[in-house]
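*Asks:* Residue numbers for the sequence shown follow my numbering, so the first one is 3 and each next one is one higher.
Once you've had a glance at the structure underneath, I'll fire off some questions.
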Amino acid sequence: MAVGRPEIQALLDGYSVPPVVVAVGSHSAIDIADGAVSEGFRTLILAQRGRELTYARYNRAERDADGTLRRGCVDDVWTYPHFADLAAPKEQERMRAANGLLVPNRALSSYVPLDVIEQQLRVPLVGSRRMLRIEERSERENYYTLLEAAGVPTPARVSTPEEIDGLSIVKLPHAVKKLERGFFTVASREEYDRKSAQLLRQGTITSQDLASARLERYILGPVFNFNFFFSPLVPRTQGLELLGVDERRESSLDGLVRLPAAQQLELGDAARVPEYTVVGHGTLTVRESILEDVYRLGERFVDAAASKYPPGIVGPFCLQTCIDRDGKPTVFDVAARIGGGTNIHLGVGHPYGNALWRTPMSSGRRIAVEIRRALAEDRLKEIVT
Ligand SMILES: Nc1ncnc2c1ncn2[C@@H]1O[C@H](COP(=O)(O)OP(=O)(O)O)[C@@H](O)[C@H]1O
Ligand SMILES: [Mg+2]
3 MAVGRPEIQA LLDGYSVPPV VVAVGSHSAI DIADGAVSEG FRTLILAQRG RELTYARYNR
63 AERDADGTLR RGCVDDVWTY PHFADLAAPK EQERMRAANG LLVPNRALSS YVPLDVIEQQ
123 LRVPLVGSRR MLRIEERSER ENYYTLLEAA GVPTPARVST PEEIDGLSIV KLPHAVKKLE
183 RGFFTVASRE EYDRKSAQLL RQGTITSQDL ASARLERYIL GPVFNFNFFF SPLVPRTQGL
243 ELLGVDERRE SSLDGLVRLP AAQQLELGDA ARVPEYTVVG HGTLTVRESI LEDVYRLGER
303 FVDAAASKYP PGIVGPFCLQ TCIDRDGKPT VFDVAARIGG GTNIHLGVGH PYGNALWRTP
363 MSSGRRIAVE IRRALAEDRL KEIVT
């Protein structure tokens with residue numbers, strides 16, 4: 003049985019102020035922690051042993067006796083043999099005793115099973131607990147079904163390899179690097195057969211994953227990941243904010259496109275098929291005449307989420323798009339939580355977020371501002387699930 007929202011809200015009655023901002027130590031944790039300390043909160047990072055130094059040493063907070071921050075942004079680090087151990091009942095108890103508000107990121111939903119997050123994790127999440135699952139393409143109800151219901155353009159689905167008619171992308175997990183992608187592009191049935199056979203032979207993908215892969219049209223155009231924020235604390239017309247736009251650096255794809263064609267052709271077969279492992283992010287702005295369309299997509303997504311998964315989006319979310327030659331954004335992926343590229347504006351904010359807030363506004367800081375506002379208005383229960 004899912005942990006009910008009233009049960010989570012009731013936990014807050016036992017909290018003292020100020021709460022501590024908690025994040026799982028990977029993905030966007032530095033942004034979350036940096037934003038939280040900027041707004042005067044203390045921070046706690048939940049790390050996996052062997053992966054804790056970024057937080058425990060290199061970004062550790064140093065404070066004066068009166069609490070004034072001198073350096074860094076991570077006040078405490080708790081380490082576990084495995085990330086999933088953070089959800090043990092005793093650890094949850096410890097987090098609640100520390101007045102922890104957990105900001106869900108992809109590290110949480112990748113490393114702690116979704117069933118556990120939904121049914122056992124009795125810690126307030128500042129975000130949308132129910133919507134973490136829509137990212138799983140293998141679910142019957144996922145982000146595609148939500149976007150379609152919202153009237154947001156998505157890449158046309160190609161039902162079977164026989165129907166491939168133009169450049170398409172096959173989306174499935176990597177066979178070995180389980181959290182990574184085994185994606186490949188194909189323009190014909192013949193190319194599908196040839197490439198899939200090659201990737202199967204190489205051990206990059208499995209036939210089981212291939213059978214349930216999502217096949218869709220490839221949108222030819224650059225990637226823009228729109229990092230939005232939605233506040234349920236203000237009138238609906240003021241709720242949606244665009245904070246920043248990022249793009250990914252993907253390996254080996256970005257390495258390949260930096261080679262001249264002649265050199266690409268000298269590569270062996272295996273090296274010629276790009277992999278899509280995210281290794282970094284860059285910052286972007288978007289042509290101004292496209293912006294209004296982008297806001298419209300954000301609004302539709304917020305409305306659809308509220309009706310399908312109440313209370314809907316609470317806080318940050320990310321629409322990942324390709325923009326085609328007609329300037330039309332198509333959403334190929336969604337994060338119903340803080341996106342993976344928000345470290346681009348960590349510490350300095352982003353042109354859009356700063357323009358709106360008149361001060362450096364990152365996603366992490368925006369989350370902390372929301373917590374601060376909810377506390378001031380005694381409405382913390384409205385931003386947790
Ligand atoms: N329909 C598409 N058209 C063009 N590129 C795509 C499409 N879908 C995915 N991609 C590319 O693949 C990358 C990863 O896709 P995404 O759906 O975000 O996977 P994940 O859920 O693993 O993050 C994107 O950053 C983009 O470069
Ligand atoms: Mg994605």
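For each residue, glycine too, the CB sits at the ideal point set by N, CA and C.
Quantities reported herein were computed from a predicted structural model and do not represent experimental measurements.
Straight-line CA distance for A308 to G184?
*Replies:* As a working note, residue 308 is residue 306 in the sequence shown. As a working note, residue 184 is residue 182 in the sequence shown. Whole-angstrom Cα-Cα distance: 32 Å.
*Asks:* Tell me whether G37 sits in a helix, a strand or coil according to DSSP, three-state version.
*Replies:* Here residue 37 corresponds to residue number 35 of the sequence shown, with the count starting at 1. The answer is helix: DSSP assigns G37 an H, G or I state.
*Asks:* Starting from the C-beta of F230, find all residues in its chain whose C-beta is less than 6 Å away, skip the five residues before and the five after it, and write them out in chain order.
*Replies:* If you number the sequence shown from 1, residue 230 lands on position 228. L244, G300, F319, listed in sequence order.
*Asks:* Please confirm if the segment 91 to 99 is in contact with the segment 375 to 387, defined as three or more CB-CB distances below 8 Å between the two stretches.
*Replies:* No, the segment 91 to 99 is not in contact with the segment 375 to 387.
*Asks:* Going by the CB atoms, is the gap between F232 and V296 shorter than 7 Å?
*Replies:* In the sequence shown, the residue the question calls residue 296 occupies position 294. In the sequence shown, the residue the question calls residue 232 occupies position 230. Cβ distance not < 7 Å, so V296 and F232 don't count as in contact.
*Asks:* Output the residue ranges of the alpha helix (DSSP H) runs that lie fully inside the segment 118 to 177 and measure 4 residues or longer, sorted by chain position.
*Replies:* Fully enclosed alpha helix (DSSP H) runs of 4 or longer: 145 to 152.
*Asks:* How close, in whole Å, do the beta carbons of A89 and L123 come, if the pair is a contact with beta carbons under 8 Å?
*Replies:* Position 87 of the sequence shown holds residue 89. Position 121 of the sequence shown holds residue 123. Indeed, because the Cβ distance is near 5 Å, the residues count as touching under 8 Å.
*Asks:* Is Y82 helix, strand or coil when you go by DSSP?
*Replies:* Taking the first residue of the sequence shown as 1, we reach residue 82 at position 80. If DSSP states are grouped into helix, strand and coil, Y82 belongs with the strands.
*Asks:* Three or more C-beta pairs closer than 8 Å, one from the segment 19 to 33 and one from the segment 328 to 348: is that the case here?
*Replies:* With the cut-off at 8 Å, the segment 19 to 33 and the segment 328 to 348 touch.
*Asks:* Considering Cα atoms alone, identify which of V5, P83, R216, L103 is closest to A35.
*Replies:* For the purposes of this step, residue 35 is taken as residue 33 along the sequence shown, with counting starting at 1. The residue with the shortest Cα to Cα distance from A35 is L103.
*Asks:* So, is G153 buried or exposed, given that buried needs 16 or more other C-beta atoms within 10 angstroms?
*Replies:* Taking the first residue of the sequence shown as position 1, residue 153 is located at position 151. So G153 ends up on the exposed side.
*Asks:* Check for me: the beta strand (DSSP E) holding F303 runs from which residue to which?
*Replies:* Indexing the sequence shown from 1 puts residue 303 at position 301. That residue, F303, is in no beta strand (DSSP E); its alpha helix (DSSP H) goes 290 to 310.
*Asks:* Where P21 and V39 are concerned, what is the direct C-alpha to C-alpha distance, given to the nearest angstrom?
*Replies:* Reading the sequence shown from its first residue, position 19 is the one you call residue 21. Reading the sequence shown from its first residue, position 37 is the one you call residue 39. Rounded to the nearest angstrom, the two C-alpha atoms are 12 Å apart.
*Asks:* Quick one: complete alpha helix (DSSP H) runs, 4+ long, within the segment 84 to 115?
*Replies:* Complete alpha helix (DSSP H) runs here, min 4: 91 to 99, 108 to 113.
*Asks:* For V172 versus A215, is the C-beta spacing smaller than 7 Å?
*Replies:* The count along the sequence shown starts at 1 and reaches residue 172 at position 170. The count along the sequence shown starts at 1 and reaches residue 215 at position 213. It is a contact, given that the beta carbons lie within the stated cut-off.
*Asks:* Does the beta-carbon of Q200, which I'm using as the reference point, lie nearer than 6 Å to any heavy atom of ligand 2?
*Replies:* Position 198 of the sequence shown holds residue 200. Checking every heavy atom of ligand 2 against the Cβ of Q200, none is found closer than 6 Å.
*Asks:* Within the segment 206 to 248, note down every full beta strand (DSSP E) run reaching 3 residues or more, in order along the chain.
*Replies:* Whole beta strand (DSSP E) segments, 3+ residues: 216 to 219, 225 to 232.
*Asks:* Thinking V259 and F228 are a contact (beta carbons under 8 Å), I'd like their distance in whole angstroms, please.
*Replies:* By one-based count along the sequence shown, residue 259 stands at place 257. By one-based count along the sequence shown, residue 228 stands at place 226. That pair is no contact at about 23 Å.
*Asks:* Cβ of D335 versus every heavy atom of ligand 1: is any distance shorter than 6 Å?
*Replies:* Counting from one through the sequence shown, the residue named residue 335 turns up at place 333. Within the cutoff, so yes.
*Asks:* Can you tell me whether Q50 is buried or exposed? The criterion is at least 16 other CB atoms within 10 Å of its CB, across all chains shown.
*Replies:* Position 48 of the sequence shown holds residue 50. Buried: at least 16 other Cβ atoms inside 10 Å.
*Asks:* DSSP three-state call for Y1: helix, strand or coil?
*Replies:* Residue 1 cannot be examined here, being either before or after the span of the chain that is shown, 3 to 387.
*Asks:* Can D211 and L174 be called in contact, C-beta distance under 7 Å?
*Replies:* Walking along the sequence shown from the start, residue 211 turns up at place 209. Walking along the sequence shown from the start, residue 174 turns up at place 172. A contact, by the Cβ cut-off of 7 Å.
*Asks:* Note the first and the last residue of the continuous beta strand (DSSP E) segment covering V188.
*Replies:* The sequence position of residue 188 within the sequence shown is 186, counting from 1. Start and end: 186 to 188.
*Asks:* Quickly, what does DSSP pair A337 with across the bridge? List them, please.
*Replies:* As a position in the sequence shown, residue 337 is number 335, starting the count at 1. DSSP, once it has assigned bridges, lists C320 as partnering A337.
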